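In order, the protein sequences belong to chains A and B. Count along the first sequence from 1, then add 13; that gives the number in the numbering used here. Count along the second sequence from 1, then add 13; that gives the number in the numbering used here.
There are 2 protein chains.
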Amino acid sequence: MDKFVSIQLDRNSPEPLYVQIYEEIVRLIKEGVLLPGEKLPPIRKLAANLKVNTVTIVNAYKLLEKEGYAVSRVGSGTFIQSHLKESADLPVKNDSELEIDKIRFDFATASVPPEYFPVEIFKSSIIRVLDRDGGYAFAYNESPGFLPLRQSLEDFLYEEYKIKASRDNIHVVSGAQQGIDIISKALLDYGDTVFVESPTYPGAVDAFKSRGAKIVEITLRDDGIDMEELLSKIRSKPPKLFYTMPNFQNPTGISYSEQKKKELIALSKKFGFYILEDDHMNDLYYSEKPLPLKAYDEENRVFYIKSFSKILMPGLRLGFLLVPSDFSEIIAEVKYFSDIASSGLNQRVLDLMIREKSFYDHLTKIRRIYLEKWEIMTDSLKKHLPSPVTFSVPKGGLFYWLCLPEGFYSMNLYAGVIKKGIFIMPGDYFYPDQKPSPCFRLSIAQVPKEMINEGIEYLSHAIREFLKEFSFIPIKKSNYSPLL
Amino acid sequence: MDKFVSIQLDRNSPEPLYVQIYEEIVRLIKEGVLLPGEKLPPIRKLAANLKVNTVTIVNAYKLLEKEGYAVSRVGSGTFIQSHLKESADLPVKNDSELEIDKIRFDFATASVPPEYFPVEIFKSSIIRVLDRDGGYAFAYNESPGFLPLRQSLEDFLYEEYKIKASRDNIHVVSGAQQGIDIISKALLDYGDTVFVESPTYPGAVDAFKSRGAKIVEITLRDDGIDMEELLSKIRSKPPKLFYTMPNFQNPTGISYSEQKKKELIALSKKFGFYILEDDHMNDLYYSEKPLPLKAYDEENRVFYIKSFSKILMPGLRLGFLLVPSDFSEIIAEVKYFSDIASSGLNQRVLDLMIREKSFYDHLTKIRRIYLEKWEIMTDSLKKHLPSPVTFSVPKGGLFYWLCLPEGFYSMNLYAGVIKKGIFIMPGDYFYPDQKPSPCFRLSIAQVPKEMINEGIEYLSHAIREFLKEFSFIPIKKSNYSPLL
């Protein structure tokens, strides 16, 4: 990556970041820093290096390709063109000259758009908290969180999921990611093994790896993980921790069957491992309300993490943990040396919103919005998607997981459709080793409901073209799991 | 600690926590769980276990002593009384019956009282941010922080300290403690050595230990660390990191001389270690404005952490890092998997306060308040403190470090004066091994200026009594450092 240290980005510039990156790479080519035939860095690595979204790098690489500076080879990466075209020396000025459309259909982004946030409720609540508590709203809090909020969360768990939690075991954290990090610090030592679903959320994997943990993937099936594979890998070496999103999983949208939930708890007891349940949006159910794994946890093996980022707003940076009581002490200590405590002001506002039920009203509103989008999306996929592409309908949440036939890679499809203004999330991102995947995630978080059908029509058309274009690649049907 | 798991505290009860803990321990004695002659857990350990302040435990133990359930032995701890007095069986009902005064003079607490917080400025700023940005104030932020704020901080560093920083190397964090944790994750692996000042801030030591680091203490002198000791310990084994508060240190109030600052930078280059500078309140200077170590850092060896908890308000949970540019990428990654990003709303409000200069006005106001307290405190200590007690006058900040003659322990003095309503911070707390210390910290953060002189008079009187009471202990004068 040393060759890329001189890249300078101006995030205030009206010029899109991907164009800036494109221009910088062109400069490096012209300066002879990057050589013909040289491989460009993996997308995620350069993205982390430049602190930009992976998609920005993909766009920059696509532009390099389009302008003749680079060539992408299926499954092996992007390379500097061996023989640069003369025309490629022309400087690139701006977006419109590049004839690349803006994103019209954003099926990639997972975060809820700001217009759904309860800003007015928050504003009136924060003013009341400031008038009520004055400076005390800004004093240090106890590490486990503002006590009245923990009481409210205890009530919330019972009211929503019939979980009888004690506020003593509830710990307020600055979002689910911090929850994962804190539990990792409390539980994991160098060399410990963590089982994760395959595919899974990469931010969790990073936190586990930071503790020196070894990651083992367990294939996800339509009703939860593959229990045979799980058992076989447990017998080989039981993990310290199993990380799971049992309802509306990210990225697949899959929910565990009740039976698998119970089996998982039983196995955790039998083999002495703990379970980290990441509840990122159980509340966005569209038919039956699913129970968290924690609701089945009579053995006290489950660390439960609840995020408010999807159902309320991400910028609040609040979530909470419900932990086995034996761990409450160490969790509070780890929270203390991690960041002392989460913002007391935001905790007080959230507490007020839960107590006064505006929180529940907002949940209902958000659920209604996404139920409508989910219905449109499901119908549209069933209607337009070409048959070689598989998907299953999630029972809640924001994500659909689509798989191309074997031999096709979603990263290539991604690169093709982004030019048409359609933004999808390649599956590679959700595997710890970033392996090329035929699958990709579609999200209904950002796209307006009026545009879903049109977007899926466009995407389906593009997929048909893509499948034709790459039809020389033989498709093996045997041993094909729609999730790998 | 297993014997203490049944202790239940009700933090909403009007009964003080220390009385509740006292009652619970009495219950454990009566139930035969705790046995006559048995040693009670170390104060800090039980405090962490019960998630209360160490002082609460000290109070509980003192009450056990007073009521005849326990006896404390200088330097070795508190033990269950071998022969329990009959009268000790009477249940304790409430605070007044115990004849223990409330805290009248709080010289222990380090946090600034809520009445100094700029609540009205914050409130009007937050309303403007919400009106201006709407839901975007609650969207996900980039991990390194809200870009306009990082620009404001870049300006702040230049304006206040003539540090030419690039916003690209500025990372917004959720308070200084998180800054320490993030830098620890980015730099430290199992078995690495970290040098710390002795005494030092224990929250930092906990973060280093969580990474499996070995802690080595370097004695602090009146003008910074002991350079001979430092050099000798470096030659034995250079550290990966040296953790320092070069100005108005916590707990001693000591500031490094300019020469020692320069020597430290030179040594870090020569021996290849990094420096973690914890700037917890450089802005509270009372004569000359001191430069941070970072201002001398031409070698790019210093990770600089700025806290806003003391100078603005702790509940905001905001601070920032300025890191050597080579580390900017990894710091952003670590921040991401630690908690994604700090509260975007609070960042936007702080940005507005810096841009509109109300932040600087507040700094000036706070500095004036504490300058006045510092003058009263300094005069009062000089006037009243008995001569065997040593202290030096800090050039800024909130802390004075007082040392009893050798052979006397501050924890015993603490236990004596708390009964008179005077609250001091025993030195033990600031040593990684919690060793009994003759020194203690006085803070001017909480005590109102009108009460400083009276409090110091009372304290001085109590110290005289204490020195008389324990005068049978021989005082060795040789090799005595006022900081150990």
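Where a beta carbon is used, it is the ideal one built from N, C-alpha and C, also for glycine. Quantities reported herein were computed from a predicted structural model and do not represent experimental measurements.
Asked, Found
"If we ignore side chains and look at the alpha-carbon of each, how far apart do I139/A and I134/B end up?", "14 Å"
"I'd like to know if M326/A contacts chain B, where contact means its C-beta is closer than 9 Å to some C-beta of that chain.", "yes"
"Can you tell me which of D291/B, I379/B and R368/B puts its alpha carbon nearest to the alpha carbon of L166/B?", "R368/B"
"Just the Cα atoms here: how many angstroms apart are K43/A and E37/A?", "10 Å"
"K319/B by DSSP, collapsed to three states: which one?", "strand"
"A189/B to P337/A, Cα distance in whole Å?", "29 Å"
"Ends of the alpha helix (DSSP H) at H293/A?", "That residue, H293/A, is in no alpha helix (DSSP H); it is neither H nor E in DSSP."
"From G328/A to M294/A, what does the alpha carbon distance come to, in whole angstroms?", "16 Å"
"Taking only beta-carbon positions, decide if K227/A is within less than 9 Å of chain B.", "no"
"Any C-beta of chain E sitting closer than 9 Å to the C-beta of S19/B?", "No chain E appears in the structure shown, which is made up of the protein chains A and B."
"Measuring straight from C-alpha to C-alpha, what distance separates P461/B and S322/A?", "41 Å"
"With a cut-off of 9 Å, does the C-beta of S322/A fall near any C-beta of chain B?", "yes"
"Between S156/A and I343/A, how many whole angstroms is the CB-CB distance? I'm expecting something under 8 Å.", "With a Cβ gap of about 11 Å, S156/A and I343/A do not count as contacting."
"Tell me whether P438/A sits in a helix, a strand or coil according to DSSP, three-state version.", "Note on identity: in this sequence residue 438/A is Met, with Pro being the wrong assignment. Three-state result, M438/A: strand."
"Just to confirm the assignment: which complete alpha helix (DSSP H) runs, minimum length 4, are found wholly within the region 212-296 of chain B?", "215-223, 240-249 and 271-284"
"What separation, rounded to the nearest whole angstrom, lies between the Cα atoms of H375/A and A121/B?", "44 Å"
"Distance cutoff 9 Å, beta carbons only. Does L334/A sit that close to anything in chain B?", "no"
"Sorted by chain position, which residues of the same chain lie with C-beta nearer than 6 Å to V84/B's C-beta, five sequence neighbours on each side aside?", "F92 and Q94"
"Rounded to whole angstroms, what's the CA-CA distance from I585/B to E311/B? Just pull it up for me.", "Here chain B covers residues 14 to 497 and nothing more, so residue 585/B does not appear."
"Nearest CA to the CA of P264/A: which residue from G225/A, F17/A and S456/A?", "S456/A"
"Output the distance between the C-alpha atoms of L170/A and S355/A, rounded to the nearest integer angstrom.", "20 Å"
"Quick one: any contact between the region 473-483 of chain A and the region 391-402 of chain A, if contact means 3 or more CB pairs under 8 Å?", "yes"
"For A428/A, which three-state DSSP category applies?", "helix"
"Between P251/B and F284/B, how many whole angstroms is the CB-CB distance? I'm expecting something under 8 Å.", "4 Å"
"Are G434/A and K75/A close, meaning C-beta to C-beta below 9 Å?", "no"
"Mind checking N25/B: buried by the 16 CB within 10 Å criterion, or exposed?", "exposed"
"Contact between the region 256-272 of chain A and the region 212-228 of chain A: three or more CB pairs below 8 Å?", "yes"
"For a test of the three-state rule: what should DSSP assign to L162/B, helix, strand or coil?", "helix"
"Could you check where the beta strand (DSSP E) with G90/A kicks off and where it finishes?", "G90 to I93"
"Residues in the region 347-365 of chain B with C-beta within 8 Å of chain A's C-beta atoms, listed in sequence order?", "V347, Y349, F350, S351, D352, I353, A354, S355, S356, G357, L358 and N359"
"Does DSSP put K16/A in a helix, a strand or coil?", "helix"
"Report yes if the C-beta of F421/A is less than 8 Å from at least one heavy atom of the ligand COA; otherwise report no.", "For the ligand COA, the structure offers nothing, since it holds no ligand at all."
"Which residues, taken in chain order from the region 201-234 of chain B, show a beta carbon closer than 7 Å to some beta carbon of chain A?", "Y203, G216, D219, A220 and S223"
"Could you please give the first and the last residue of the uninterrupted beta strand (DSSP E) stretch that includes S405/B?", "First-last for S405/B: undefined, no H or E at that position."
"Taking CB distances under 9 Å as the criterion, tell me whether V315/B reaches chain A.", "no"
"Any C-beta of chain B within less than 7 Å: which residues of the region 125-137 of chain A qualify?", "P127, E128, F130, V132 and K136"
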